[in-house]
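Beneath this line is the structure, given in structure tokens, with notes to follow.
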Amino acid sequence: DGGITQSPKYLFRKEGQNVTLSCEQNLNHDAMYWYRQDPGQGLRLIYYSQIVNDFQKGDIAEGYSVSREKKESFPLTVTSAQKNPTAFYLCASSTLSGVGELFFGEGSRLTVL
Amino acid sequence: KQEVTQIPAALSVPEGENLVLNCSFTDSAIYNLQWFRQDPGKGLTSLLLIQSSQREQTSGRLNASLDKSSGRSTLYIAASQPGDSATYLCAVTPISSGSARQLTFGSGTQLTVLP
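Chains A and B, in that order, give the protein sequences.
Just so we're aligned: 925 in my numbering is position 41 of the first sequence, and the numbers increase by one with no gaps anywhere.
Just so we're aligned: 28 in my numbering is position 27 of the second sequence, and the numbers increase by one with no gaps anywhere.
So, in structure tokens, the structure goes:
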């Protein structure tokens with residue numbers, strides 16, 4: 885079955901550590917996105933990529949980094965520079981022509997201890 | 002800047018009722034509007050996508066309407082079931098880019114259908 889796989893589902897981090905969240909899709913989508921969701925709030929865009937080896941900052945990119953070495957993969961690194969990293973992180977993908985329709989992974993919950 | 006509001010933040014109804022969820026947006030220059038469902042601790046599932054030229058979309062017991070001029074959309078759920086309990090989010094794509102990367106999300110309505 886085609887879909888988006890995020891791992892790990894739960895992750896605990898000590899302050900000052902970098903962590904990487906994995907996102908893999910087998911939908912053959914060109915575009916991939918990372919969103920952050922905080923309780924009672926809508927999703928906020930962190931980074932997005934429309935093509936391999938290219939990505940752009942979203943609304944809240946500070947303290948995060950990404951790479952897009954393969955079409956299927958778009959990992960997100962939460963660095964120690966992110967002041968409030970505890971959140972639910974969602975990866976999504978879409979075709980470039982299928983404007984607006986996003987397909988989401990199951991999410992990764994990061995907790996900073 | 003586009004703002005999307007969903008009121009109420011939470012709603013409880015008895016099983017079998019028909020119900021309406023509301024979504025309002027401040028900038029009517031949108032490409033499309035989407036409704037999503039989110040179960041606790043899970044990702045989002047797309048329910049309905051309405052293009053700006055459309056007035057409504059239907060899927061099973063769900064019907065979504067769009068009134069761009071008033072900046073409003075509604076999601077109608079007929080004959081609600083306990084399995085419909087989830088958070089429902091709406092999101093708009095601005096016409097300036099037509100790209101998913103600039104979706105603006107509402108904060109959602111948490112629906113509980115009581116058996």
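All C-beta atoms in this analysis are idealised placements derived from N, C-alpha and C, irrespective of residue type, glycine included.
Owing to the predicted nature of the structure, the values given are computational and were not obtained by experimental measurement.
Check, Outcome
"Quick one: what's S906(A) bridged to in DSSP?", "S891(A)"
"Would you please verify whether the beta carbon of Q3(B) is less than 9 Å from any beta carbon of chain A?", "no"
"Output, in sequence order along the chain, the residues in the segment 65-80 of chain B whose CB is closer than 8 Å to any CB in chain A.", "none"
"Quick one: what does DSSP say Q103(B) is sitting in, helix, strand or coil?", "helix"
"Would you list the one or two residues that DSSP bridges to T75(B)?", "N23(B) and S66(B)"
"Note down the Cα distance separating G991(A) from F958(A), rounded to an integer number of angstroms.", "14 Å"
"Could you check which residue in D922(A), L905(A) and A965(A) has the C-alpha nearest to that of K971(A)?", "The amino acid occupying residue 971(A) in the given sequence is Ala; Lys does not appear at that position. When only C-alpha atoms are compared, the closest one is D922(A)."
"Should Y61(B) be flagged as near chain A, meaning a C-beta pair shorter than 9 Å?", "Going by the sequence as given, residue 61(B) is Gly instead of Tyr. No, G61(B) does not count as interfacial toward chain A."
"Is any beta-carbon of chain A found at less than 9 Å from that of A30(B)?", "no"
"Could you tell me the distance, in whole angstroms, from the CA atom of P83(B) to the CA atom of L45(B)?", "18 Å"
"Compare the Cα-Cα distances from A87(B) to each of I51(B), N64(B), V14(B) and S29(B) and report the closest residue.", "V14(B)"
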